[in-house]
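In my numbering, the protein residues as written are 309 to 581.
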């Protein structure tokens with residue numbers, strides 16, 4: 309059967325190559341699917357976008373990208389990664405993706421504040437996940453008590469965090485941080501959150517790894533009322549939240565509440581109501 313009259317070999321090659329390679333590239337540099345497409349400032353985000361094939365790329369650029377990607381998946385991956393970013397190949401798919409023990413922090417607006425804001429049935433919340441470098445057999449009762457003490461020290465019952473419109477990420481995959489995003493009003497608030505999370509996880513906080521996320525998830529739509537058009541922008545909700553629950557997630561989907569708060573009281577190892 310002859311090829312269609314409008315067949316273009318270059319276009320066909322780019323289409324097939326992008327369908328085959330782009331998922332592999334995303335899986336290699338972003339195994340947890342946590343890097344936004346617009347992120348070209350973080351090391352892995354920059355590498356991911358540098359290798360992915362896009363519509364409009366010239367044939368020369370496509371071949372160059374394929375060679376570049378092949379270098380990272382080949383024998384000299386470690387040398388290139390160390391030279392440019394300091395992240396060897398093992399940091400891409402090994403360290404972070406192999407961590408199975410997690411702490412999940414659940415922050416929530418108080419019922420009084422939610423009522424004042426007119427959202428009693430849908431309180432403002434915030435969730436942060438941190439993976440621990442410890443193996444399952446290293447989690448002794450003493451270590452868990454130390455983690456609990458750090459949590460209550462950094463986030464006492466009266467601690468409030470203002471969940472603002474701005475977001476900051478902290479990228480340090482070697483020390484288990486990748487993909488976590490903190491919504492805050494000021495950078496200083498985000499710094500405190502990440503410093504606290506690092507301390508709780510038992511790793512050092514490195515200021516240079518904090519980055520502001522410039523992408524805004526605002527949705528603007530046009531509404532017609534009585535024949536007149538107006539625009540409405542749906543912005544994320546903002547307000548103060550407090551820590552209500554810290555869940556410890558173990559391998560094989562086993563989990564329990566490391567800290568649960570009812571009112572002003574702490575309850576260790578119990579299920580919150």
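Just so you know, even glycine gets a beta-carbon here, dropped at the ideal spot from N, CA and C.
Boundaries of the beta strand (DSSP E) around residue 551: 547-558. The straight-line gap separating the alpha-carbon atoms of residue 457 and residue 423 is approximately 31 angstroms.
The beta-bridge partner set that DSSP reports for residue 328 is empty. Residue 483 counts as buried, since at least 16 other C-beta atoms from the protein chains shown sit within 10 angstroms of its C-beta. The beta carbon of residue 434 is closer than 6 angstroms to those of 415, 471, 549 in its chain, skipping five residues each way along the sequence. Per the coordinates, the alpha-carbon of residue 557 lies some 6 angstroms from the alpha-carbon of residue 409. Between residue 478 and residue 350 a beta carbon distance of about 10 angstroms is seen, past the 8 angstroms cut, so the two are scored as non-contacting. Here residue 414 is bridged, per DSSP, to 435, 553. Counted as a single uninterrupted DSSP element, the beta strand (DSSP E) harbouring residue 477 occupies residues 474-478. Distance from the CA of residue 485 to the CA of residue 439, rounded to the nearest whole angstrom, comes to 7 angstroms.
Nearest C-alpha to residue 555 among 417, 345, 342, 413: 413. For residue 470, the enclosing beta strand (DSSP E) has its first and last residue at 469-471.
For residue 551, the closest C-alpha among the options 487, 501, 452, 511 is that of 501. Spatial neighbours of residue 459 in its own chain (CB-CB distance under 7 angstroms, excluding positions within 5 residues in sequence) are listed in chain order as 508, 554, 567.
From the listed residues 411, 312, 336, the smallest Cα separation to residue 442 is found for 411.
Residue range 489-492 is occupied by the beta strand (DSSP E) that includes residue 489.
Residue 459: member of the alpha helix (DSSP H) spanning 449-462, first to last residue. At least 8 angstroms separates the beta-carbon of residue 451 from that of residue 490. The beta carbon of residue 362 lies closer than 8 angstroms to those of 326 in the same chain, with the five residues before and after it left out. Taking the CA atoms as reference points, residue 367 sits about 10 angstroms from residue 317. The three-state secondary structure of residue 507, taken from DSSP, is helix.
In this structure, the alpha-carbon of residue 425 lies about 44 angstroms from that of residue 446.
For the set 481, 336, 372, 475, the Cα lying nearest the Cα of residue 494 is the one of 475.
In this chain, residue 441 is not harboured by any alpha helix (DSSP H), its DSSP state being neither H nor E.
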